[in-house]
């Protein structure tokens, strides 16, 4: 960390191999939360590719509107996914640091407890943002698959799988952090998670169904 508390290194600065090696290490971070941030960025990249392959052909004009909608959502996610990956590592590092606080006196114990809860809530907020971002992309992909360039149907499918994995993986990380907190923490997230989970199931299935239809027509 730098003097201002910000991570000097971000995962956006690293090669794929460097990130994989860090992920495979026994260090506390990066973990699954950072992995889903990267997956979100990869989903966005593929969605942009499929959109551009659709926009480049007059024959696919019926898909131009959705292709442009997808690009408007996906382009910012190229950076946001990597930023969320870094923030996830930072948030869990804060949790680890809070557990290392002194706990000799009653005041220290109370301060440590409050710090742990605050850090843990932060570690839930970051993947929740990842889940919301993944959902914003995933819900557009069935229509892109249906109306986009059929030669890129498999790529659209992989984008859908990655967006779905980012969504579901992020939700896991939200849930595991909220479970360790009193119910008064993260009320808004607790309330909205069931809808996010159900919508994820619906749009994941729609995307895969659209891919199967396109592939069967090849």
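Numbering (our numbering), first residue to last: 13 to 230. Just so it is clear, CB atoms sit at the ideal spot from N, CA and C, and this is done for glycine as well.
Candidates 115, 218, 212 and 165, of which the one nearest residue 229 by Cα: 165
Inter-residue spacing [alpha-carbon to alpha-carbon] between residue 79 and residue 128: 44 Å
Residue 1 and residue 153 closer than 9 Å at C-beta: A query on residue 1 cannot be resolved here, the shown segment of the chain reaching from 13 to 230 and no further.
Assigned secondary structure, residue 139 (DSSP; H/G/I helix, E/B strand, else coil): helix
Cβ shell of residue 222 (< 6 Å), same chain only, five flanking positions each side left out: 154, 157 and 158
Helix, strand or coil at residue 125 [DSSP, three-state]: helix
Residue 227, buried or exposed, once every other Cβ within 10 Å from all chains shown has been counted against 16: exposed
Environment of residue 60 [buried if 16+ CB atoms lie within 10 Å]: buried
Three-state secondary structure (DSSP) of residue 215: helix
Whether residue 58 touches residue 174 by CB criterion (9 Å): yes
Cβ neighbours of residue 136 in the same chain (closer than 7 Å, five flanking residues each side left out): 186, 189, 190, 198 and 201
Top-ranked residue by Cα proximity to residue 209, from 143, 149, 115 and 218: 143
Closest Cα partner of residue 213 within the set 203, 180 and 192: 180
Alpha-carbon spacing of residue 83 relative to residue 111, whole angstroms: 42 Å
Outcome for residue 98 when other beta-carbon atoms lying within 10 angstroms are tallied against a minimum of 16: buried
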